[in-house]
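A quick write-up on the structure given underneath.
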Amino acid sequence: MSDDANIIQQHPEFPFGETLARDRIERWEESFDRRPEPDEPTSLLLQEFLEFVERYAFLERIVQGEIRYELPVHPRFLEQRERSDDPLEQQAAELAEAEAELLGSPDVPSMTMTDEAEDIGIKLLTTSEPATTELVGSFFFEGETGPAFLVGTEREDPRAAFVLAHLLCHYVADHDPYHNRVCRWDPDTLENLDESPTEVRADLFARALLVPEEPLRRYLEQLGGAISGGETDADRSWEILSTLFGVPESLLADRMDDLGFGTLAAQMRLAGSANGSGTRDAVSPDVSGDDPPLDRRRAALARLTNDAGPDAGVGLSTEGSFRLPSRYLNLALACYHERIMERDVLAQFLGMSEMETEAVLQWSQVGRCAPDEARDPSEDDGEDDDLGLQSEPRLGSDPDDDGPDMTIH
Numbered sequence: 000m001s002d003d004a005n006i007i008q009q010h011p012e013f014p015f016g017e018t019l020a021r022d023r024i025e026r027w028e029e030s031f032d033r034r035p036e037p038d039e040p041t042s043l044l045l046q047e048f049l050e051f052v053e054r055y056a057f058l059e060r061i062v063q064g065e066i067r068y069e070l071p072v073h074p075r076f077l078e079q080r081e082r083s084d085d086p087l088e089q090q091a092a093e094l095a096e097a098e099a100e101l102l103g104s105p106d107v108p109s110m111t112m113t114d115e116a117e118d119i120g121i122k123l124l125t126t127s128e129p130a131t132t133e134l135v136g137s138f139f140f141e142g143e144t145g146p147a148f149l150v151g152t153e154r155e156d157p158r159a160a161f162v163l164a165h166l167l168c169h170y171v172a173d174h175d176p177y178h179n180r181v182c183r184w185d186p187d188t189l190e191n192l193d194e195s196p197t198e199v200r201a202d203l204f205a206r207a208l209l210v211p212e213e214p215l216r217r218y219l220e221q222l223g224g225a226i227s228g229g230e231t232d233a234d235r236s237w238e239i240l241s242t243l244f245g246v247p248e249s250l251l252a253d254r255m256d257d258l259g260f261g262t263l264a265a266q267m268r269l270a271g272s273a274n275g276s277g278t279r280d281a282v283s284p285d286v287s288g289d290d291p292p293l294d295r296r297r298a299a300l301a302r303l304t305n306d307a308g309p310d311a312g313v314g315l316s317t318e319g320s321f322r323l324p325s326r327y328l329n330l331a332l333a334c335y336h337e338r339i340m341e342r343d344v345l346a347q348f349l350g351m352s353e354m355e356t357e358a359v360l361q362w363s364q365v366g367r368c369a370p371d372e373a374r375d376p377s378e379d380d381g382e383d384d385d386l387g388l389q390s391e392p393r394l395g396s397d398p399d400d401d402g403p404d405m406t407i408h
């Protein structure tokens, strides 16, 4: 491999082994509000999160030329901030209603919130499995990186939607200035370990956003009719309701209590418990034993084809704690396609072995541009990114374009 084969390594902010990057991450770590002080596993997860965000932002600057994100604006809430004596419940409800309107007022926001967050430029990182004994989330915002959220459980876990909604409240409400923070909850009850008004409001917001009042009333009425008509049993109504909203049952109980339906919620949970359907909170299934020994290449391909699911990169496991977001994967593959990154450095960014990286390349069907089409960084006009890449990654190319479709399906 020639000395200039990995052009990206020539960048002064290349995020591997760069002293300035380490100093920057240490500075970011010191900026966090850590009440109460996190334990060692949470601190290590936070450090890994910041390192991932550093790489993510680096790839965005290389491929796009800039960090792109949308800042939330809710005029009604800005007016509300002048009325600081309003109850937290009212503040959270009004803000959740305004945010729901931006989401298109879906009956089940948990199904669309992840895509919406990523569409406005939030770097959303979920772990491959519950990362700590507590449920953890983190809000991080710096101008040099843009907004980033850590969700300390799998994206498929219903609790992930709650953590995301909670962090979204910090993004839309707790600015001027933003405060980087680590948020933690009891994993079963979702009780926040920080009782400050800011955290209480974010929890209220999350519940109001995920379980809107009007759809809840409608579903309760429909369930009552179904039970009366013999279409379902009363003992299943609680499980059905939490499934409809895609939220943990503990969250649903708290939301109904917020709305004054606490007695009804208790009756529904009691009926389910007495008849064996239980009140199962959303915890990860207990998977025991290891996979049988497989060739690493076959294992990687199996993981890519069977576990990735409909949401592009989220099924890709790495050597670290996080799943690869599909957008991050596409940015890295764009650099590989443009010949500024070779396979060994691509493996670094993906957190995989070179053999697993080869499996990713086969699965994605991403090729290389012709050598004479590769951009020379010395020809950069200085108005775009340092490496002279196009300002947009070549993802989802037009059918008439001869370039590869680099969107991971």
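In numbering that gives the first Met the number 0, the protein residues as written are 0 to 408.
Every residue, glycine too, gets a C-beta built ideally from N, C-alpha and C.
For residue i, three-class secondary structure by DSSP
{"i": "P146", "result": "strand"}
{"i": "G223", "result": "helix"}
{"i": "D156", "result": "coil"}
{"i": "D32", "result": "strand"}
{"i": "S42", "result": "helix"}
{"i": "R322", "result": "coil"}
{"i": "L192", "result": "coil"}
{"i": "L243", "result": "helix"}
{"i": "R60", "result": "helix"}
{"i": "H169", "result": "helix"}
{"i": "E442", "result": "The displayed coordinates of the chain run from 0 to 408. Any statement about residue 442 would go beyond what the structure contains."}
{"i": "P214", "result": "helix"}
{"i": "Y55", "result": "helix"}
{"i": "S352", "result": "coil"}
{"i": "L70", "result": "coil"}
{"i": "E65", "result": "coil"}
{"i": "V107", "result": "coil"}
{"i": "G229", "result": "coil"}
{"i": "E128", "result": "coil"}
Host alpha helix (DSSP H) of residue i (start-end)
{"i": "R254", "result": "248 to 257"}
{"i": "E96", "result": "87 to 101"}
{"i": "S325", "result": "325 to 336"}
{"i": "V409", "result": "Residue 409 cannot be examined here, being either before or after the span of the chain that is shown, 0 to 408."}
{"i": "R367", "result": "Careful: R367 lies outside any alpha helix (DSSP H) and carries neither H nor E."}
{"i": "M112", "result": "112 to 118"}
{"i": "F348", "result": "342 to 349"}
C-alpha gap between residue i and residue j, whole angstroms
{"i": "E50", "j": "L189", "result": "27 angstroms"}
{"i": "F139", "j": "F148", "result": "6 angstroms"}
{"i": "L323", "j": "G228", "result": "47 angstroms"}
{"i": "G151", "j": "T125", "result": "6 angstroms"}
{"i": "P11", "j": "Q46", "result": "22 angstroms"}
{"i": "E88", "j": "V199", "result": "9 angstroms"}
{"i": "D32", "j": "T231", "result": "47 angstroms"}
{"i": "E330", "j": "V62", "result": "According to the sequence displayed, residue 330 carries Leu and not Glu. The straight-line gap from Cα to Cα measures roughly 7 angstroms."}
{"i": "R23", "j": "L360", "result": "32 angstroms"}
{"i": "D175", "j": "V52", "result": "22 angstroms"}
{"i": "D118", "j": "L167", "result": "13 angstroms"}
{"i": "L222", "j": "R216", "result": "10 angstroms"}
{"i": "V135", "j": "E28", "result": "16 angstroms"}
{"i": "P214", "j": "F260", "result": "14 angstroms"}
{"i": "E65", "j": "K122", "result": "14 angstroms"}
{"i": "Q9", "j": "M340", "result": "11 angstroms"}
{"i": "A311", "j": "T262", "result": "Annotation note: pLDDT 41 at A311 (below 50); position unreliable, no value reported."}
{"i": "S104", "j": "T132", "result": "34 angstroms"}
{"i": "V344", "j": "N5", "result": "7 angstroms"}
{"i": "E238", "j": "I7", "result": "51 angstroms"}
Residue environment, residue i, which counts as buried when at least 16 other CB atoms sit within 10 Å
{"i": "D202", "result": "buried"}
{"i": "V171", "result": "buried"}
{"i": "P35", "result": "exposed"}
{"i": "G271", "result": "buried"}
{"i": "L240", "result": "buried"}
{"i": "S195", "result": "exposed"}
{"i": "D38", "result": "exposed"}
{"i": "L439", "result": "Examination of residue 439 is not possible in this model, given that the chain is present from 0 through 408 alone."}
{"i": "G142", "result": "exposed"}
{"i": "S325", "result": "buried"}
{"i": "Q90", "result": "buried"}
Residue range of the unbroken beta strand (DSSP E) whose run includes residue i
{"i": "L123", "result": "122 to 125"}
{"i": "S137", "result": "134 to 141"}
Member of the options whose CA lies at the smallest distance from the CA of residue i
{"i": "P71", "options": "A56, Y177, D106, P37", "result": "Y177"}
{"i": "D106", "options": "D253, V246, Y327", "result": "V246"}
{"i": "L243", "options": "L269, P108, G145", "result": "P108"}
{"i": "L209", "options": "L250, H169, P14, R183", "result": "L250"}
{"i": "R367", "options": "P86, G120, Y68, L332", "result": "L332"}
{"i": "F15", "options": "E353, W362, Q347", "result": "Q347"}
{"i": "S137", "options": "T41, D85, L263, G350", "result": "T41"}
{"i": "G319", "options": "S127, A56, E372, L101", "result": "S127"}
{"i": "R180", "options": "H165, D187, P186", "result": "H165"}
{"i": "Q266", "options": "G120, E100, A233, R254", "result": "A233"}
Heavy atom of the ligand FAD within 6 angstroms of residue i beta-carbon
{"i": "I119", "result": "No copy of the ligand FAD occurs in the structure displayed, which carries no ligand at all."}
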